Amino acid sequence: MTTASAVRSSTSTTAESPFAALRYRGYRTYLIGQSLASTGTWMGSIALDWLALQLTNSPTAVGITMALQFLPVLFLGVHGGQLADRYPKRRLLLITQTINACLTGALAVLTIIGLIRIQYVFVFALLTGLVFVVDAPTRQVFATEVVPLSRLRQALSLNAMVFHATRLVGPALASLLIGTAGTGWAFACNALCYLGPTVALLRLRPGDLTPAPPASPEPRAFRTAGRYVRQRPRVFWTIVLVGVIGTFGLNFPIVLTAIASESLHGAANMYGLFNIMLAVGSVLGALVAGSGTSTRLRPVVLFGGLFGSVQALAAIAPNLPTFLPLMAVLGFVNLAFQSLANASVQLWVDPEMRGRVMGLYMLVFAGGTPLGAPIIGAVTNAFGARFGMAVCGLIPAAAAGAIVLIQVWSRRRSVRLPVPGHT
């Protein structure tokens with residue numbers, strides 16, 4: 000039995016506390032550092048979206064900014080995962096945190112002294128996207144070095160819960176700083192927050208880590224990962240749905256900034272409020288995913304379909320009191336889907352392929368943004384914020400429905416096939 004098979008067997012029989020991963024010192028240390036980094040990430044994200052909108056007064060510019068952040072993943076995503084398989088993950092993460100701090104600090108200075116231009120925002124987005132190529136898959140698989148595989152689902156769900164719990168703090172701080180001191184100071188605080196994961200990574204002891212053996216060089220990383228995934232239907236369909244949702248469903252900066260300014264006539268504080276409501280639901284969604292034990296495809300597809308349906312429903316919400324609760328529900332189903340999909344894929348694959356498969360996962364999850372974000376930005380510009388948000392929901396809902404139909408058809412076809420040796 001492979002390691003992945005053993006973990007699947009153990010996780011499918013006994014319910015676990017969503018906080019089980021906190022028993023391990025290495026994971027606790029890492030999580031504390033990530034909580035500070037996540038707070039800064041949300042501050043920087045809100046500030047960058049709003050800065051792009053301020054400089055151009057165009058949702059399309061916000062879409063281009065998003066696209067440039069994720070464009071490198073489209074071409075280099077699997078290769079970033081290959082680096083995570085071949086080199087020490089802690090060392091890679093220390094490098095990526097340092098580069099991100101420097102880039103964000105430079106953007107803060109340009110904004111504070113008044114020299115910022117939309118072209119600089121685009122360059123910053125592209126450079127951080129290059130760092131993301133290595134950072135994202137490395138962070139995903141680093142959890143397997145600070146917790147046993149039997150606690151991987153709980154660790155990934157806690158990572159997601161903390162990331163989105165900081166969404167309660169980060170957007171509020173960003174909105175406060177943007178409205179008082181200015182957008183540049185939000186970037187400055189974001190840069191300082193990168194000290195959190197850097198210190199945490201340096202404090203990890205050798206006994207806290209269980210490094211995976213380095214993989215051998217692979218000249219055709221994309222082809223190898225693609226062939227491996229195609230041979231595993233659960234992994235394949237999960238990654239397909241993740242790609243659809245990443246491309247079309249998660250364009251919140253575009254549609255929510257437009258909803259705030261155009262449909263509900265608000266400002267940065269209203270956009271921050273939307274993110275806070277998403278965070279409230281996201282924390283609950285991560286807890287649900289972390290306490291689950293299912294290793295089947297069905298709950299992944301179910302939550303993916305619910306995500307699309309709720310977003311389409313929110314698009315037609317008539318006013319703010321109706322819209323805000325739907326944001327909380329949307330956050331819940333979004334995080335439940337993401338946590339289940341991420342943990343399931345890592346548990347379904349073998350350790351020596353995990354980095355490359357997660358590189359492919361991040362490629363379709365984030366790499367679709369350069370394709371989807373400009374489309375959604377253009378649709379939102381042409382037809383309005385509500386129509387753009389409806390499109391963001393209906394496409395993932397349709398994809399989830401199509402996967403269900405394909406699975407039903409495949410099962411019926413396999414039942415009808417004659418058994419070899421029988422007439």
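Numbering that gives the first Met the number 0 numbers the first residue of the sequence shown as 0 and each following residue consecutively. The C-beta atom is built at its ideal place from N, Cα and C for all residues, glycine as well. These numbers come from a predicted model, not from an experiment.
**Q.** C-alpha distance - Ala398 paired with Trp236, whole-angstrom precision
**A.** Here residue 398 refers to the residue found at position 399 of the sequence shown. Here residue 236 refers to the residue found at position 237 of the sequence shown. Spanning the two alpha carbons is a distance of roughly 10 Å.
Q | Option nearest Gly245 by Cα separation, candidates Pro369, Glu351, Ile177, Asn99 | A | What you label residue 245 is simply residue 246 of the sequence shown in a count that begins at 1. Taking only the C-alpha atoms, the option nearest Gly245 is Pro369.
Q: Within 10 angstroms of the Cβ of Val61, are there 16 or more other Cβ atoms? Answer buried if so, exposed if not.
A: By one-based count along the sequence shown, residue 61 stands at place 62. Label assigned to Val61: buried.
Q) DSSP state of Ala384, grouped into three classes? A) Your numbering for residue 384 matches position 385 in the sequence shown. Ala384 falls in the helix class under three-state DSSP.
**Q.** Which listed residue (Gly304, Asn268, Pro324) has its alpha carbon closest to that of Ala313
**A.** Residue numbering aside, residue 313 sits at position 314 when the sequence shown is read from its first letter. For Ala313, the nearest C-alpha among the options comes from Pro324.
**Q.** First and last residue of the uninterrupted alpha helix (DSSP H) at Gln230
**A.** Against the sequence shown, residue 230 aligns to sequence position 231. Element bounds for Gln230: n/a, residue is neither H nor E.
Q. Touch check for the stretch 85-102 and the stretch 110-121: three-plus C-beta pairs under 8 Å?
A. no
Q. Where do the ends of the alpha helix (DSSP H) carrying Ala100 lie?
A. Reading the sequence shown from its first residue, position 101 is the one you call residue 100. It spans 88-111 - the alpha helix (DSSP H) in which Ala100 sits, taken as one unbroken run.
Q: Assess, as a yes-or-no matter, whether the stretch 239-255 is touched by the stretch 145-152 under the definition of 3 or more beta carbon pairs within less than 8 Å.
A: no
Q.
Considering only the alpha carbon of each residue, which of Ala164, Phe331, Ile315 lies closest to Gly284?
A. Within the sequence shown, numbered from 1, the residue matching residue 284 stands at position 285. If we check each option's Cα against that of Gly284, Phe331 comes out closest.
(Q) Could you tell me which whole alpha helix (DSSP H) segments of length 4 or greater appear in the stretch 323-395? (A) 353-366, 368-382
Q: Identify the continuous alpha helix (DSSP H) that holds Ala135 and give its terminal residues.
A: Looking up residue 135 in the sequence shown gives position 136. That run of the alpha helix (DSSP H) goes 117-145.
Q: Please name the residue, chosen from Leu151, Gly383, Leu106, that lies closest to Cys188 on a Cα-to-Cα basis.
A: What you label residue 188 is simply residue 189 of the sequence shown in a count that begins at 1. Selected option, being the one with the closest Cα: Leu106.
Q. For Ile315, which of helix, strand or coil comes out of DSSP?
A. In the sequence shown, the residue the question calls residue 315 occupies position 316. If DSSP states are grouped into helix, strand and coil, Ile315 belongs with coil.
Q) From Ile98 to Gln406, what does the alpha carbon distance come to, in whole angstroms? A) One-based indexing of the sequence shown puts residue 98 at position 99. One-based indexing of the sequence shown puts residue 406 at position 407. Whole-angstrom Cα-Cα distance: 44 Å.
Q: Tell whether a beta-carbon distance below 9 Å holds between Thr165 and Thr38.
A: One-based indexing of the sequence shown puts residue 165 at position 166. One-based indexing of the sequence shown puts residue 38 at position 39. Cβ distance < 9 Å, so Thr165 and Thr38 count as in contact.
Q: Can you grab the Cα-Cα spacing for the pair Gly307 / Leu393, in whole Å?
A: Residue 307 sits at position 308 when you count from the first residue of the sequence shown. Residue 393 sits at position 394 when you count from the first residue of the sequence shown. Answer to the nearest angstrom: the Cα atoms are 6 Å apart.
Q: Go ahead and pull the three-state DSSP assignment for Leu277.
A: Your numbering for residue 277 matches position 278 in the sequence shown. Looking at Leu277 - three-state DSSP - the assignment turns out to be helix.
Q: Taking all protein chains shown into account, decide if Gln230 is buried (16 or more other Cβ within 10 angstroms of its Cβ) or exposed.
A: For the purposes of this step, residue 230 is identified with residue 231 of the sequence shown, where counting begins at 1. With fewer than 16 Cβ atoms within 10 Å of its Cβ, Gln230 is classed as exposed.
Q: Take the Cβ of Trp423 as the centre, count every other Cβ of all protein chains shown within 10 Å, and call the residue buried at 16 or more, exposed below.
A: Residue 423 is absent from the model: the chain starts at 0 and stops at 422.
Q.
DSSP three-state label for Phe18, please.
A. Taking the sequence shown and counting its residues from 1, one reaches residue 18 at position 19. Three-state result, Phe18: coil.
Q) Can you give the beta carbon distance from Thr127 to Leu157, rounded, assuming they're within the 8 Å contact cut? A) Here residue 127 refers to the residue found at position 128 of the sequence shown. Here residue 157 refers to the residue found at position 158 of the sequence shown. With a Cβ gap of about 25 Å, Thr127 and Leu157 do not count as contacting.
Q) Quick one: what does DSSP say Gly181 is sitting in, helix, strand or coil? A) Counting from one through the sequence shown, the residue named residue 181 turns up at place 182. DSSP places Gly181 in coil when its eight states are reduced to three.
Q. Roughly how many whole angstroms lie between the Cα atoms of Leu30 and Leu277?
A. On the sequence shown, residue 30 is found 31 positions in, with the first residue counted as 1. On the sequence shown, residue 277 is found 278 positions in, with the first residue counted as 1. Taking the straight line joining both Cα atoms gives about 21 Å.
Q: Enumerate in chain order the residues of its own chain whose CB-to-CB distance from Ala396 is below 7 Å, with the five nearest sequence positions on each side excluded.
A: Counting from one through the sequence shown, the residue named residue 396 turns up at place 397. Around Ala396: Gly304, Gly307, Ser308, Ala311.
Q. Hey, quick one: how far does the alpha helix (DSSP H) through Pro252 stretch, first residue to last?
A. For the purposes of this step, residue 252 is identified with residue 253 of the sequence shown, where counting begins at 1. First-last of the alpha helix (DSSP H) with Pro252: 251-257.
Q) Taking contact to mean at least 3 C-beta pairs separated by less than 8 Å, is the stretch 167-174 in contact with the stretch 78-86? A) no
Q.
Considering just the uninterrupted stretch of the alpha helix (DSSP H) at Tyr29, what are its terminal residues?
A. Taking the sequence shown and counting its residues from 1, one reaches residue 29 at position 30. Run containing Tyr29: 24-55, per the alpha helix (DSSP H) assignment.
(Q) Let's see if you can read the secondary structure: which residues bound the alpha helix (DSSP H) around Leu201? (A) Position 202 of the sequence shown holds residue 201. Segment 194-202, the alpha helix (DSSP H) holding Leu201.
Q) Which residues in the same chain have their Cβ closer than 6 Å to the Cβ of Trp184, if we skip the five residues on either side of it in sequence? A) Position 185 of the sequence shown, counted from the first residue, corresponds to residue 184. Cβ neighbours of Trp184 beyond the five flanking positions: Leu176.
**Q.** Pro350 vs Thr223 beta-carbon contact at 9 Å
**A.** Reading the sequence shown from its first residue, position 351 is the one you call residue 350. Reading the sequence shown from its first residue, position 224 is the one you call residue 223. Cβ distance not < 9 Å, so Pro350 and Thr223 don't count as in contact.
Q. Measuring CA to CA, which of Ser281, Phe322, Tyr227 is closest to Leu263?
A. Walking along the sequence shown from the start, residue 263 turns up at place 264. With distances taken between Cα atoms, Leu263 lies closest to Phe322.
Q: Could you check how far apart the C-beta atoms of Thr110 and Leu203 are, in whole angstroms? I think they sit under 8 Å.
A: As a first step, residue 110 must be located in the sequence shown, where it is residue number 111. As a first step, residue 203 must be located in the sequence shown, where it is residue number 204. Contact flag wrong, Cβ pair sits at about 34 Å.
Q | Sub-9 Å separation of Val287 and Ala340 beta-carbons | A | Working through the sequence shown from its first residue, we reach residue 287 at position 288. Working through the sequence shown from its first residue, we reach residue 340 at position 341. Contact flag unset, no.
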